[in-house]
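**Student:**
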Amino acid sequence: MSVLNAALVGNPNCGKTALFNLLTGSRQKVANYAGVTVERKVGRLTTPKGLAVRLLDLPGAYSLVATSPDEAVTRDVCAGTYRGEPAPELLVCVVDATNLRLHLRFALEVRQMGRPMILVLNMIDAAKRQGIAIDVPRLEAEFGAPVVTAVGIRRDGGQEVLRALDLPPPPPPPAMPSGSDFHAEARRILADCVTRPSRLGMALEERLDRWFLHPVWGMVILFALMFVMFQAVFSWAQPVMDLLDAGTAALGQAVGTLLPDGALRSLIVDGVIAGAGSVVVFLPQILILFLWILALEESGYLPRAAFLLDRIMATAGLSGRSFIPLLSSFACAVPGIMATRTIQNPRDRMITILIAPLMTCSARLPVYTLLIAAFVPERRVGGLFNLHGLVLFALYMAGILSALVVARVLKNRDRQEEHPLLLELPAYRLPNPRDLALGLKQRAVIFLSRVGTIIVTVSVLLWALASFPAPPAGAAGPAIEWSLAGRIGHWMLYVMAPIGFNWQICVSLIPGLAAREVAVSALATVYSLGATDSDAANQLQPLLSAHWSLGTALSLLTWYIFAPQCFSTLAVIRRETGSWRMVGITAGYLFAMAYGAAFIVWRISLLLGWGGSP
Amino acid sequence: MRLNELKLGGSAIIDHVEDHTAGDPVAERLRALGFVPGEPIRIVAVGPIGADPIAVGIGFTRFALRRAEAARVLLRDAA
Numbered sequence: 001m002s003v004l005n006a007a008l009v010g011n012p013n014c015g016k017t018a019l020f021n022l023l024t025g026s027r028q029k030v031a032n033y034a035g036v037t038v039e040r041k042v043g044r045l046t047t048p049k050g051l052a053v054r055l056l057d058l059p060g061a062y063s064l065v066a067t068s069p070d071e072a073v074t075r076d077v078c079a080g081t082y083r084g085e086p087a088p089e090l091l092v093c094v095v096d097a098t099n100l101r102l103h104l105r106f107a108l109e110v111r112q113m114g115r116p117m118i119l120v121l122n123m124i125d126a127a128k129r130q131g132i133a134i135d136v137p138r139l140e141a142e143f144g145a146p147v148v149t150a151v152g153i154r155r156d157g158g159q160e161v162l163r164a165l166d167l168p169p170p171p172p173p174p175a176m177p178s179g180s181d182f183h184a185e186a187r188r189i190l191a192d193c194v195t196r197p198s199r200l201g202m203a204l205e206e207r208l209d210r211w212f213l214h215p216v217w218g219m220v221i222l223f224a225l226m227f228v229m230f231q232a233v234f235s236w237a238q239p240v241m242d243l244l245d246a247g248t249a250a251l252g253q254a255v256g257t258l259l260p261d262g263a264l265r266s267l268i269v270d271g272v273i274a275g276a277g278s279v280v281v282f283l284p285q286i287l288i289l290f291l292w293i294l295a296l297e298e299s300g301y302l303p304r305a306a307f308l309l310d311r312i313m314a315t316a317g318l319s320g321r322s323f324i325p326l327l328s329s330f331a332c333a334v335p336g337i338m339a340t341r342t343i344q345n346p347r348d349r350m351i352t353i354l355i356a357p358l359m360t361c362s363a364r365l366p367v368y369t370l371l372i373a374a375f376v377p378e379r380r381v382g383g384l385f386n387l388h389g390l391v392l393f394a395l396y397m398a399g400i401l402s403a404l405v406v407a408r409v410l411k412n413r414d415r416q417e418e419h420p421l422l423l424e425l426p427a428y429r430l431p432n433p434r435d436l437a438l439g440l441k442q443r444a445v446i447f448l449s450r451v452g453t454i455i456v457t458v459s460v461l462l463w464a465l466a467s468f469p470a471p472p473a474g475a476a477g478p479a480i481e482w483s484l485a486g487r488i489g490h491w492m493l494y495v496m497a498p499i500g501f502n503w504q505i506c507v508s509l510i511p512g513l514a515a516r517e518v519a520v521s522a523l524a525t526v527y528s529l530g531a532t533d534s535d536a537a538n539q540l541q542p543l544l545s546a547h548w549s550l551g552t553a554l555s556l557l558t559w560y561i562f563a564p565q566c567f568s569t570l571a572v573i574r575r576e577t578g579s580w581r582m583v584g585i586t587a588g589y590l591f592a593m594a595y596g597a598a599f600i601v602w603r604i605s606l607l608l609g610w611g612g613s614p
Numbered sequence: 001m002r003l004n005e006l007k008l009g010g011s012a013i014i015d016h017v018e019d020h021t022a023g024d025p026v027a028e029r030l031r032a033l034g035f036v037p038g039e040p041i042r043i044v045a046v047g048p049i050g051a052d053p054i055a056v057g058i059g060f061t062r063f064a065l066r067r068a069e070a071a072r073v074l075l076r077d078a079a
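Those sequence lines, one after another, are chains V and H.
Going by full-length UniProt numbering, the residue at position 580 of the first sequence is 580; the numbering climbs one at a time, nothing skipped.
Going by full-length UniProt numbering, the residue at position 70 of the second sequence is 70; the numbering climbs one at a time, nothing skipped.
1) Using alpha carbons as the reference points, say which of Ala27/H, Asp52/H, Gly10/H, Val17/H lies closest to Pro37/H.
2) Please indicate yes or no: does the CB of Ser467/V lie closer than 8 Å to some heavy atom of the ligand MG?
3) Provide the residue span of the alpha helix (DSSP H) that contains Glu205/V, from first to last.
4) Just checking my contact of Ala563/V with Phe599/V at CB under 8 Å: how many whole Å lie between their CB atoms?
5) Can you find at least 3 beta carbon pairs, one from the stretch 331-346 of chain V and one from the stretch 402-415 of chain V, that sit closer than 8 Å?
6) At the level of alpha carbons, what is the spacing between Thr558/V and Val601/V?
7) Consider the Cβ of Arg31/H: report whether some Cβ of chain C lies at a distance smaller than 9 Å.
8) Find the nearest neighbour of Val44/H within the set Met1/H, Asn4/H, Glu5/H, Gly9/H, judged by alpha-carbon distance.
9) Would you say Asp15/H lies against chain V (beta-carbon separation less than 9 Å)?
10) Taking all protein chains shown into account, do 16 or more other C-beta atoms lie within 10 angstroms of the C-beta of Asp77/H, making it buried, or fewer, making it exposed?
11) Could you tell me which of Ala314/V, Gly551/V, Ala524/V, Val458/V sits nearest to Gln565/V, measuring between CA atoms?
12) Looking only at its chain, what residues have a beta carbon closer than 6 Å to the beta carbon of Ala374/V, apart from the 5 residues adjacent to it on each side?
13) What three-state label does DSSP hand Arg516/V in the structure shown?
14) Tell me which residue opens and which closes the beta strand (DSSP E) that Asp57/V is part of.
15) If you follow the beta strand (DSSP E) that Met117/V is part of, which residue opens it and which one closes it?
16) Can you tell me which of Ala427/V, His419/V, Val240/V puts its alpha carbon nearest to the alpha carbon of Glu297/V?
17) Of all Cβ atoms in chain H, is any one closer than 9 Å to the Cβ of Arg408/V?
18) Where does Thr532/V sit, in a helix, a strand or coil, going by DSSP?
19) Given this structure, state the Cα-to-Cα distance separating Thr257/V from Ala263/V, to the nearest angstrom.
20) For Pro53/H, return the contacting residues in chain V, with the cut-off set at a CB-CB distance below 8 Å.
21) Could you tell me whether the stretch 309-328 of chain V touches the stretch 419-426 of chain V, using the rule of 3 or more Cβ pairs below 8 Å?
22) Measuring only between beta-carbons, confirm whether Gly10/H sits less than 9 Å from chain V.
23) Measuring only the C-alpha atoms, how far is Lys16/V from Gly10/V?
24) If the cut is a Cβ gap below 9 Å, which residues of chain V does Glu69/H touch?
25) By a C-beta neighbour count over all protein chains shown, 10 Å radius and 16 as the cutoff for buried, is Lys7/H buried or exposed?
26) Please confirm if Val44/H has its CB atom under 9 Å from at least one CB of chain V.
27) Return the CA-CA distance between Arg67/H and Arg2/H, expressed in angstroms with no decimal places.
28) Is it right to say Thr149/V is buried, meaning 16 or more other beta carbons lie within 10 angstroms of its own, or is it exposed?
29) Does any CB atom of chain V fall closer than 9 Å to the CB of Leu6/H?
30) Does the distance from the CB of Asn122/V to the CB of Arg434/V come in under 9 Å?
31) Round the Cβ separation of Val151/V and Ile118/V to the nearest angstrom and send it over; I've been treating them as touching at under 8 Å.
32) Would you call Pro173/V buried or exposed, if buried means 16 or more other Cβ atoms sit within 10 Å of its Cβ?
33) Using a Cβ cut-off of 9 Å, pull out every chain H residue sitting near Pro215/V, in sequence order please.
34) Using 9 Å as the limit for Cβ to Cβ distance, is Val73/H near chain V?
35) Output the distance between the C-alpha atoms of Thr586/V and Val42/V, rounded to the nearest integer angstrom.
36) Please classify Pro377/V: does DSSP put it in a helix, a strand, or coil?
Okay, structure coming up:
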């Protein structure tokens with residue numbers, strides 16, 4: 001049976017994605033267009049008469065004179081020139097019935113492509129509520145293509161579109177002479193077909209924006225929202241994450257008792273189950289963060305937040321859109337980098353991804369607290385502050401400041417034309433639960449299937465490095481010392497000794513690549529504590545203060561501010577940018593900064609006499 | 001007068017959008033978004049720091065833009 005290739009096109013904020021979700025339900029596939037990081041959504045549906053339709057949800061565009069990769073994809077797919085995409089046999093052009101002035105201009109531009117098309121007046125219910133009367137038959141005659149109405153957020157709101165798909169494709173619409181003014185034509189058609197009361201519908205927007213965009217109250221509301229969001233990502237997710245952690249540990253143990261002692265058991269328990277566990281443990285944070293972001297985006301608030309924060313982010317050469325991904329990166333860079341999807345400008349998105357790992361994530365905390373407790377004396381400073389707290393604060397600030405510097409340097413490097421803010425502040429809407437649920441599901445699937453596979457593979461690899469070869473019978477010392485990882489750790493000493501590291505640190509850095517906090521338990525293993533995670537830190541603390549110099553500790557802390565000691569972050573960068581080069585650049589510059597900064601800290605420590613054994 | 005000089009709450013009519021460079025993509029985009037001659041425009045909000053960016057209402061849509069972008073839009077007095 002033949003399949004009809006159709007594509008949804010329309011302005012951003014025309015309700016296209018809600019309509020797409022309504023028409024295709026959960027039969028969607030999300031991927032990227034070949035060679036670019038633009039998200040490609042395709043769904044399948046069957047019309048009442050049994051016609052199979054493959055529906056492509058093209059990125060929203062304001063104009064086919066493209067200014068972003070999104071718009072270039074839309075332009076090329078509509079024109080049928082995008083490599084690997086069949087030319088659509090039918091364009092379904094969606095316009096917001098309450099904002100026809102802007103959207104009809106784009107519809108006219110699409111009509112100019114000369115492909116069979118239908119025009120969908122979406123959100124017709126809202127238009128009626130605002131008292132907008134549209135003469136549909138007349139519009140159909142003036143526009144020259146079939147016109148149907150739809151309500152993307154109502155369960156039966158897509159019936160007319162489905163019926164229109166059942167009809168034989170309409171002939172290509174008439175084109176205007178080249179060089180015509182689309183605005184003038186849109187204005188002419190609207191004057192003929194639409195009557196609307198004067199700006200009555202804007203009253204709600206006016207009132208809300210008076211608060212949300214207010215220089216003082218707007219900021220208060222924004223920071224309250226961000227505070228709750230940060231709390232949610234940082235602490236509400238924690239119990240669930242602990243539960244998942246305990247769950248994987250219990251599963252590992254349960255499976256462990258079933259298998260005979262040996263390499264196979266270790267592979268399954270320490271490699272595969274622990275690796276999969278380190279993937280699943282991110283899910284609560286990702287889901288909570290994306291629930292917030294999707295709700296803020298759907299409601300129309302996100303562009304307003306970008307408006308309020310634009311000036312602050314401009315000091316780093318970024319726009320307001322980078323704020324939420326960077327804030328989220330304080331909890332974890334993985335959801336933070338996934339959240340950069342809301343940044344349309346590709347250059348801003350790349351820079352945000354590059355600096356996101358510099359935001360101090362929660363996995364660095366166990367390492368920071370261990371070293372601070374072991375080496376920084378508990379003391380009040382100025383009668384008010386605790387020295388431990390001050391050092392921790394300094395570590396966070398060092399990350400933020402270096403991110404600012406990196407962003408500025410990258411910005412100066414690229415002397416392109418200005419990157420405008422210019423964004424639409426769409427009408428406020430209540431987020432639709434179905435659209436939120438579908439959005440969350442897509443994020444979860446992307447993370448588990450495409451990021452997860454890389455993380456599990458690397459975990460197994462790291463497990464193998466730390467387990468083979470096994471120590472000879474009767475050997476003294478921890479097993480890891482005899483393994484490949486142990487040997488690599490000793491070799492690494494040639495490179496790491498100049499920054500004050502000892503071989504124990506080098507060895508623990510290798511399993512620590514799976515996740516930063518693993519370095520703590522790895523250190524415990526190297527120092528033959530064999531302690532469980534929970535009290536490893538307590539037992540390690542006196543040991544470290546006895547064995548390490550202050551300089552070594554400071555150097556390791558500095559290293560941790562910068563070092564990309566986290567394969568999950570690198571895996572998610574690979575997934576989000578589709579490029580190993582980007583992964584290489586990120587890892588390269590972060591390692592270079594880590595090494596450089598730790599080197600300076602170690603040298604200064606030596607000068608101050610902090611480098612000797614305690 | 002230019003759009004970046006219009007005060008909060010003020011309104012005017014767009015005269016035209018000028019290119020700052022040859023084939024200025026920002027000006028091109030402004031025109032595509034409806035910043036066309038004869039269109040009434042008003043400032044509905046200004047940013048918290050240095051009153052930049054600005055939010056404008058045009059037709060039935062609102063846009064946020066920086067003052068440097070707004071400087072491309074020439075205005076005439078509201079009739």
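Even glycine gets a Cβ: it sits at the ideal position worked out from N, Cα and C.
Predicted model, so just to flag it, every value in this text is computed and none were measured.
**Tutor:** The relevant details are as follows:
1) Val17/H
2) Absence of the ligand MG is noted for the structure shown, with no ligands found whatsoever.
3) 203-212
4) That belief does not hold up - the Cβ atoms of Ala563/V and Phe599/V are roughly 13 Å apart, past 8 Å.
5) no
6) 7 Å
7) Annotation note: the requested chain C is absent from the structure, which comprises protein chains V and H.
8) Gly9/H
9) no
10) exposed
11) Val458/V
12) Gln541, Leu544, Ser545
13) coil
14) 52-57
15) 117-122
16) Ala427/V
17) no
18) Unreliable placement is indicated for Thr532/V, whose pLDDT of 48 sits below 50; the coordinate value is still reported in the next sentence. Note: Thr532/V maps to coil in three-state DSSP.
19) 14 Å
20) Phe307, Asp310, Arg311, Leu421
21) yes
22) no
23) 7 Å
24) Glu418, Pro420, Leu421, Leu422
25) exposed
26) yes
27) 10 Å
28) buried
29) no
30) no
31) With a Cβ gap of about 16 Å, Val151/V and Ile118/V do not count as contacting.
32) buried
33) Ala45, Val46, Gly47, Pro48, Ile49, Ala51
34) no
35) 31 Å
36) coil
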